[in-house]
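Input: a single structure, listed below in structure tokens.
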Amino acid sequence: MITKLFIGGFPLATDEIAIAQLVGPYVDILTLKLVRDKMTRRGKGYAFIEVASREAAELAVDALDGKLIGDRELMVSIREDAPVKPAPIYQKYSGVLSLSEREGRAYHVNPPHHPA
């Protein structure tokens, strides 16, 4: 079963390769997402990693959580994802937007009327 790890607390200059080298001995990495600042593109000091098995993820947590990297302490945990709430579905017809009826309410935006 695919399991997601959170790893944080590493130096901001750390890149994806360094994270993969750190975590790789414990898990088979499926995906690695280093979270970056949208403006500067610098890492924010944390990442999410999808791994192939929960057992390997637990091994990585045991080995890496609390480990010092320079003067910073790593925080490694298994991320328990909450169910994703679906976004409301909007339908467009004849210039009118309507919130899906399954939401139990509807909002209408009528185009402005211009007299001739």
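Throughout the sequence shown, residue numbering follows the numbering used here, covering -5 to 110 in sequence.
We put the CB at the ideal spot given by N, CA and C, even for glycine.
For the alpha helix (DSSP H) containing residue i, name the first residue and the last one.
{"i": "A57", "result": "48 to 58"}
{"i": "V17", "result": "10 to 17"}
To the nearest whole angstrom, what separates the beta carbons of residue i and residue j, a pair I think is in contact under 8 angstroms?
{"i": "K113", "j": "F42", "result": "Residue 113 lies beyond the stretch modelled for the chain, which goes from -5 to 110, so this question has no answer here."}
{"i": "I(-4)", "j": "A46", "result": "7 angstroms"}
{"i": "R73", "j": "L(-1)", "result": "6 angstroms"}
Could you give the residue range of the beta strand (DSSP E) that holds residue i?
{"i": "G37", "result": "37 to 45"}
{"i": "L24", "result": "23 to 30"}
{"i": "L(-1)", "result": "-3 to 2"}
{"i": "M69", "result": "69 to 73"}
Around the C-beta of residue i, are 16 or more other C-beta atoms found within 10 angstroms, so that it is buried, or is it exposed?
{"i": "G37", "result": "buried"}
{"i": "V29", "result": "exposed"}
{"i": "L6", "result": "exposed"}
{"i": "I1", "result": "buried"}
{"i": "I13", "result": "buried"}
{"i": "L62", "result": "exposed"}
{"i": "L24", "result": "exposed"}
{"i": "T8", "result": "buried"}
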